[in-house]
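Numbering (numbering that gives the first Met the number 0), first residue to last: 0 to 158.
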Amino acid sequence: MLFPIKYQTSENIKQCSPNFFESLVVDLLVSMGYGGSRKEAGQALRRSRDEGIDGIIKEDRLGLDIIYLQAKRWENVVGRPEIQKFAGALQGQRARKGIFITTSDFTKDAIEYVSKIETKIILLNGNRLTELMIEHNVGVTPVAKYEVKRIDSDYFIES
């Protein structure tokens, strides 16, 4: 049952600073396999004039492509205007890929908008964010792991 840990993780995120949240997002993506090590894979930009980009991460270890990040630690849902601003920021960087992450959720218009534009933007809401953090052990520590085994009957069949 993940609900208590998901709720607690979500509440902890909301209490953190915006800078910490941006770093958390980069940590999560590195844990998911983007770009290699934390040092070389990506960074939170932490600039007041970030032009709509909060961070960048390499798509793979070689850095063949860069994925641009926008991280919003919000209570209210994120609407289409915010997504359009991010899409414009991506165009300004000549970027083809972006991830917009929020602690809240996205409106139906925002979701429809990203499905119609050429630039690939992934929308990651608070619920999915906490699921991925738990799955990839970001901000959580495994306490116990159980493994149940059964006999593999196919192994014992002689050809």
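From the three backbone atoms N, C-alpha and C, an ideal C-beta is built for every residue, glycine too.
- Residue interval of the alpha helix (DSSP H) (run including L156): Within the sequence shown, residue 156 is the residue found at index 157, counting from 1. For the record, residue 156 in the displayed sequence is Ile; it is not Leu. Segment: none, I156 is in no alpha helix (DSSP H) and carries neither H nor E.
- Simplified DSSP state of A94, which is helix, strand or coil: To locate residue 94, count along the sequence shown from 1; it is residue 95. In the displayed model, A94 falls within coil according to three-state DSSP, outside both helix and strand.
- Item | Selection from L131, L28, T106 that minimises the alpha carbon distance to L68 | Sequence index remark: in the sequence shown, residue 68 carries index 69 (1-based). Considering only L131, L28, T106, the residue with the shortest C-alpha distance to L68 is L28.
- For G54, the three-state DSSP class (helix, strand or coil): Residue mapping note: residue 54 aligns to position 55 of the sequence shown, counting from 1. Of the three classes helix, strand and coil, the one that applies to G54 here is strand, per DSSP.
- Item | N- and C-terminal bounds of the beta strand (DSSP E) containing K119 | The residue you call residue 119 lines up with position 120 of the sequence shown. Element bounds for K119: 119-123.
- Task: Give me the Cβ distance between G62 and V24, rounded to the nearest whole Å; I'm assuming they're in contact under 8 Å.
- Result: In the sequence shown, residue 62 corresponds to position 63, counting from 1. In the sequence shown, residue 24 corresponds to position 25, counting from 1. So it is not a contact: roughly 18 Å between Cβ atoms.
- Query: What residue range is occupied by the uninterrupted alpha helix (DSSP H) comprising A109?
  - Reply: As a first step, residue 109 is located in the sequence shown; it is residue number 110 there, counting from the start. Per DSSP, A109 belongs to the alpha helix (DSSP H) from 107-115.
- Message: Would you call the region 115-127 in contact with the region 146-153, where contact means no fewer than 3 C-beta pairs closer than 8 Å?
- Response: Under the 8 Å Cβ criterion, the region 115-127 does not count as touching the region 146-153, having fewer than three qualifying pairs.
- Query: Q92 to I4, Cα distance in whole Å?
  - Reply: Here residue 92 refers to the residue found at position 93 when the sequence shown is read from its first residue. Here residue 4 refers to the residue found at position 5 when the sequence shown is read from its first residue. Q92 and I4: Cα-Cα distance of roughly 37 Å.
- Message: Let me check understanding here. Comparing Cα to Cα, which of A143, I110, S103, I116 lies closest to S9?
- Response: Looking up residue 9 in the sequence shown gives position 10. Ranking A143, I110, S103, I116 by Cα distance to S9 puts S103 first.
- Message: Between the alpha carbons of S152 and S158, how many angstroms are there, rounded?
- Response: Residue numbering aside, residue 152 sits at position 153 when the sequence shown is read from its first letter. Residue numbering aside, residue 158 sits at position 159 when the sequence shown is read from its first letter. The C-alpha of S158 is placed about 13 Å away from the C-alpha of S152.
- Item | Same chain only: Cβ atoms within 6 Å of G51, ignoring 5 sequence neighbours per side | For this step, residue 51 is matched to residue 52 along the sequence shown. The answer, listed in chain order, is K84, F85, A88.
- Buried or exposed (CB count within 10 angstroms, at least 16 for buried), E111: Taking the sequence shown and counting its residues from 1, the one referred to as residue 111 is at position 112. Exposed, by the Cβ-count rule.
- Task: Kindly give me the distance between the Cβ atoms of T101 and K71, rounded to whole angstroms, as I take these residues to be in contact under 8 Å.
- Result: For the purposes of this step, residue 101 is taken as the residue at position 102 of the sequence shown. For the purposes of this step, residue 71 is taken as the residue at position 72 of the sequence shown. Going by Cβ atoms, the distance from T101 to K71 rounds to 4 Å, so yes, they are a contact pair.
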